[in-house]
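The structure appears below as structure tokens.
In the numbering used here, the protein residues as written are 137 to 497.
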């Protein structure tokens with residue numbers, strides 16, 4: 137009898153904790169337009185809840201897949217169909233006699249440590265297709281808002297958004313959307329006309345002209361396109377070598393711009409024959425730009441051709457992206473050997489007036 141009396145009292149705190157605990161899936165739906173990158177916001181229209189801006193999403197049903205719940209909530213609230221993910225899910229499913237378990241990587245997760253409800257959830261940056269509904273399930277007032285305007289509203293009037301969306305926006309603006317801030321930390325979404333973004337290609341399988349990007353390089357090229365898409369890019373020019381063109385192509389396709397190539401943007405050839413001491417000789421060529429090995433090109437000659445190519449590529453009325461190679465980029469920017477060695481794949485620098493600045497892409 138005593139055991140029977142104790143069991144409810146021991147379980148009661150656990151049951152109380154579980155009663156108001158929620159698990160959610162939320163969609164950050166993005167698209168590219170003539171205004172740059174935009175995100176879909178909506179207003180919650182349920183009795184007793186403020187009509188504040190939020191991202192679509194809601195609770196998971198028991199044993200419902202996370203992405204299944206995401207697709208269902210997006211469809212119910214917006215009328216749209218999730219058509220793609222902007223970050224790799226890395227999804228796996230394991231089936232055993234005891235259970236079926238799905239593992240995946242969302243864009244980010246959240247947990248309420250204090251607030252009106254106890255919840256955890258998963259945010260996914262996605263693309264969607266279809267026609268927006270005027271009235272969804274508990275949601276209305278859908279609008280596509282440019283990231284610059286989202287940032288302005290969040291800074292000037294954060295209470296325009298519900299408490300969860302405020303937290304999500306702080307995370308997105310600090311991390312995923314950080315590349316949409318200017319290199320000087322400004323919060324202008326479109327760069328000043330005449331700006332040139334000089335890009336070193338993403339990681340490739342080799343150094344020969346036909347070397348393709350590695351899988352990581354392909355993912356980096358897609359991420360780079362997301363980072364640069366909202367900056368007012370009007371022209372894209374690339375070295376014709378495969379790794380450079382493959383780095384530029386996702387941005388060109390996303391913006392609907394032609395991808396122009398220029399032979400003057402190909403990598404500098406240090407020597408006409410392979411050399412075991414190539415790194416030492418490259419260091420020497422940074423110290424003496426007249427140094428020219430047999431079959432190779434001097435630093436001075438390479439700098440002259442890339443500077444001419446950049447002058448021709450620049451759009452004075454817009455923003456130009458130029459994709460080239462590490463040695464040539466270093467010569468164009470006036471970097472030293474040590475700075476060349478510290479370059480990333482990809483790496484982005486801005487050129488307008490004054491000193492070149494590395495872009496936080």
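Glycine included, each C-beta is placed from N, C-alpha and C at the ideal position.
query	result
What are the boundary residues of the alpha helix (DSSP H) that includes residue 302?	299-310
For the region 261-270 against the region 214-227, do three or more pairs of beta-carbon atoms, one drawn from each stretch, fall closer than 8 Å, so that the two count as touching?	yes
Per DSSP, what kind of secondary structure is residue 255 in: helix, strand or coil?	strand
Among the residues of its own chain, which have a CB less than 6 Å from the CB of residue 433, if the five just before and after it don't count?	404, 405
Alpha carbon to alpha carbon, how far is residue 459 from residue 395?	10 Å
According to the neighbour-count rule (16 or more other Cβ atoms, all chains shown, within 10 Å of its Cβ), is residue 197 buried or exposed?	exposed
Of the choices 201, 193, 397, 230, whose alpha-carbon is the least far from that of residue 214?	193
For the region 357-391, list the beta strand (DSSP E) runs that are entirely contained and at least 3 residues long, ordered along the chain.	369-374
Only counting runs of 3 or more residues, tell me where the beta strand (DSSP E) segments fall wholly within the region 400-462, in order along the chain.	455-460
Express the C-alpha separation of residue 386 and residue 211 in angstroms, rounding to a whole number.	28 Å
Indicate the three-state DSSP secondary structure (helix, strand or coil) for residue 334 in the structure shown.	strand
Quick check: the Cα distance between residue 312 and residue 187, rounded to an integer number of angstroms?	26 Å
In the structure shown, what three-state DSSP assignment does residue 149 receive?	With a pLDDT of only 45 at residue 149, under the threshold of 50, the placement of this residue in the model should not be trusted; the figure read from the coordinates follows. Residue state, collapsed to three classes: helix.
For the alpha helix (DSSP H) that residue 209 lies in, which residues bound it at each end?	202-214
Cβ of residue 380 within 8 Å of Cβ of residue 461?	yes
Below 6 Å CB to CB, which residues in the same chain sit around residue 227 once its five sequence neighbours on both sides are set aside?	240
With H, G and I counted as helix, E and B as strand and the rest as coil, what does DSSP make of residue 285?	helix
Let's see if you can read the secondary structure: which residues bound the alpha helix (DSSP H) around residue 473?	473-477
Where residue 442 and residue 308 are concerned, what is the direct C-alpha to C-alpha distance, given to the nearest angstrom?	36 Å
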